[in-house]
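Reading the sequence shown from the start, the letters are residues 3 to 181 in my numbering.
For each residue, glycine too, the CB sits at the ideal point set by N, CA and C.
Let me begin by presenting the structure, written as structure tokens, before commenting on it.
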Amino acid sequence: MTKQLQNYLSRMHALDSAVCVTVSHSNQYRLIRDWFRLISRLGDGVFWYGLMLAIVVTQQSEGIMPVLHMIAAGLTGTFVYKWLKQKTHRPRPFQVRQDVWVVGKPLDHFSFPSGHTLHAVAFSVVAIHYYPELSIVLIPFTIMVAMSRVILGLHYPSDVLAGLTIGYGIAQSYLMAFA
């Protein structure tokens with residue numbers, strides 16, 4: 003690795019870390035902390051399972067293919083993010099910096115990428131492809147899931163950005179494959 007690239011990566015990590023500290027301090031406010039804990043909990047899967055059930059109930063047989071696409075994207079996302087976490091072993095921000103205020107307990111030990119964000123983006127992209135009218139709910143919810151991961155002190159912004167990118171790529175690949 004060149005010295006120039008090392009310097010760039012070092013500066014990016016410092017910025018990533020500084021943003022993480024600043025954003026995590028917003029969880030000192032109870033309303034913010036409680037709101038984003040709820041969003042994060044819903045992003046664990048509760049919201050997505052409910053959405054898939056609602057699609058099948060309201061759309062009946064026409065909802066089966068969209069839900070199967072969501073399930074396929076979700077399973078692929080789980081495989082990819084677990085594999086990446088085991089390969090990168092990036093510690094969570096609160097494990098590295100004492101000034102990151104963590105709220106809640108992480109689902110696993112490693113930070114990169116954000117599985118919550120990956121799944122929120124993958125599920126939303128697939129669902130919106132079939133039901134564009136859902137974007138009014140899914141886009142804000144997905145953004146809040148991504149924000150919750152940094153606000154709760156569980157991820158760096160770059161973890162969230164990586165989750166977003168991977169989730170979008172997975173969703174798009176399934177939509178192209180099944181088109």
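### Task
Grab me the residues of Y132's own chain with a C-beta within less than 7 Å of its C-beta, minus the 5 sequence neighbours each way, in chain order.
Here residue 132 refers to the residue found at position 130 of the sequence shown. Around Y132: P68.
#### Entry: Cα-Cα separation between E64 and I138, rounded to whole angstroms
Position 62 of the sequence shown, counted from the start, is the residue given in the question as residue 64. Position 136 of the sequence shown, counted from the start, is the residue given in the question as residue 138. One C-alpha to the other measures close to 21 Å.
### Query
Roughly how many whole angstroms lie between the Cα atoms of L11 and T90?
Indexing the sequence shown from 1 puts residue 11 at position 9. Indexing the sequence shown from 1 puts residue 90 at position 88. Roughly 16 Å separates the two Cα atoms.
#### Entry: Candidates F112, L86 and K107: closest to V98 by CA position
Stepping through the sequence shown from its first residue, residue 98 is reached at position 96. When each option's Cα is compared against that of V98, the closest is F112.
### Task
Count the CB pairs spanning the stretch 115–133 and the stretch 15–32 that are closer than 8 Å, and state whether there are at least three.
no
### Query
For F112, which three-state DSSP category applies?
The count along the sequence shown starts at 1 and reaches residue 112 at position 110. In the structure shown, F112 sits in a strand (DSSP, three-state: E or B).
### Query
What are the start and end residues of the alpha helix (DSSP H) that includes T90?
Taking the sequence shown and counting its residues from 1, one reaches residue 90 at position 88. Residues I66 to T90.
### Query
Exposed or buried, what is L154 when buried is set at 16 or more other beta-carbons lying within 10 Å of its beta-carbon?
Against the sequence shown, residue 154 aligns to sequence position 152. Burial call: buried.
### Query
What do you get for W85, buried or exposed, if any count of 16 or more other CB atoms within 10 angstroms of its CB means buried?
Here residue 85 refers to the residue found at position 83 when the sequence shown is read from its first residue. Exposed is the call here.
### Query
Among H121, G117, S19 and L7, which has the Cα closest to the Cα of W50?
Reading the sequence shown from its first residue, position 48 is the one you call residue 50. Ranking the options by Cα distance to W50, first place goes to H121.
### Query
Looking only at C-alpha atoms, which of G165, Y158 and S160 sits nearest to T144?
Residue 144 sits at position 142 when you count from the first residue of the sequence shown. Nearest of G165, Y158 and S160 to T144, Cα basis: G165.
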